[in-house]
Amino acid sequence: MMKKFLAMVALGLAMAPLGAFAQGKVAVVDLQAAILQSDAAQQRLDSVRSEEGYKADKDEFDRLREELDKLVREFQKDAAVMSQEQQIAARKRLASKQADLEHVGGKLQQAEQATGQALLQEMSPMVQEVLSELITTEGIGLLLQRTSVIHADPGYSITAKVTDKLNQLSAAN
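All the letters of the sequence shown, read from the start, carry residue numbers -22 to -1, 1 to 151 under mature numbering (1 follows the signal peptide of the UniProt record, and there is no 0).
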């Protein structure tokens, strides 16, 4: 009786993967990356980055970063021979420059994020079309958003396929 039970359990375990396979394969996708890596998104981001206001902010950001790096190097070099008042003043200059850099960096990031959000909304119908097609052609039974998964080998990702299909659809339109 026990041998029959063990044989049934072994058979059940052997058949379990076949049942899971019959349900379709598992895949993950990073929709944000798929959209933002598409040709249309890159063109839009390049357009934003070529606007005068963005260029001016980027130039200011680069200048502030260079100034901050210079102040840090000078402080590290001279800190040992500085008086306490000089060190306090130097730290205040560093903090002020860092705050300026963060402010300008925030403006740049906000411009890119606004563009990214607009792209995500605009391309949503196209993405749904692409996902439906890939789910059917790839035989996907379970599709997970990459951000919801703790670990997935790269072979499970269809992000590049989604980007390729988006590029093909954009080129056709």
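Cβ coordinates follow ideal geometry from the N, Cα and C atoms, glycine included.
Whole-angstrom distance between residue j and residue i, CA atom to CA atom
{"i": "D142", "j": "G83", "result": "31 Å"}
{"i": "V105", "j": "T125", "result": "17 Å"}
{"i": "S135", "j": "E111", "result": "15 Å"}
{"i": "A138", "j": "L147", "result": "14 Å"}
{"i": "F53", "j": "D37", "result": "24 Å"}
{"i": "E132", "j": "D56", "result": "Looking at the sequence itself, residue 132 is Pro, so the reference to Glu does not match. P132 and D56: Cα-Cα distance of roughly 49 Å."}
{"i": "Y32", "j": "A150", "result": "31 Å"}
{"i": "A130", "j": "L9", "result": "15 Å"}
Cβ pair residue i, residue j closer than 8 Å
{"i": "K3", "j": "I118", "result": "yes"}
{"i": "L122", "j": "I113", "result": "no"}
{"i": "V6", "j": "V108", "result": "no"}
{"i": "D35", "j": "L86", "result": "yes"}
{"i": "E45", "j": "K75", "result": "yes"}
Nonlocal neighbours in the same chain, by C-beta distance under 6 Å from residue i, ignoring five residues either side
{"i": "F(-2)", "result": "Bear in mind that a pLDDT of 47 at F(-2), under 50, signals an unreliable position, so the number given afterwards is only what the model happens to contain. So the list is empty, once near-sequence residues are dropped."}
{"i": "M101", "result": "I13"}
Own chain residues within Cβ distance below 8 Å of residue i, not counting five before or after
{"i": "L97", "result": "I13, L14, A18, A19 and R22"}
Closer than 8 Å to chain B by CB, residue i
{"i": "V4", "result": "As a matter of chain content, chain B is missing from the structure shown, which is built from one protein chain."}
*asked:* My parser needs the alpha helix (DSSP H) runs of 4 or more residues fully inside the segment 12 to 57; what are they?
replied: 17 to 27 and 30 to 56
*Determine, using beta-carbon pairs with one atom in the segment 60 to 69 and one in the segment 85 to 98, whether at least three such pairs fall under 8 Å.*
no
*Every unbroken alpha helix (DSSP H) within the segment 52 to 127, with a cutoff of 4 residues, ordered by chain*: 62 to 116
_Segment contact, 8 Å Cβ cut-off, at least three pairs: the segment 25 to 39 with the segment 65 to 73_ = no
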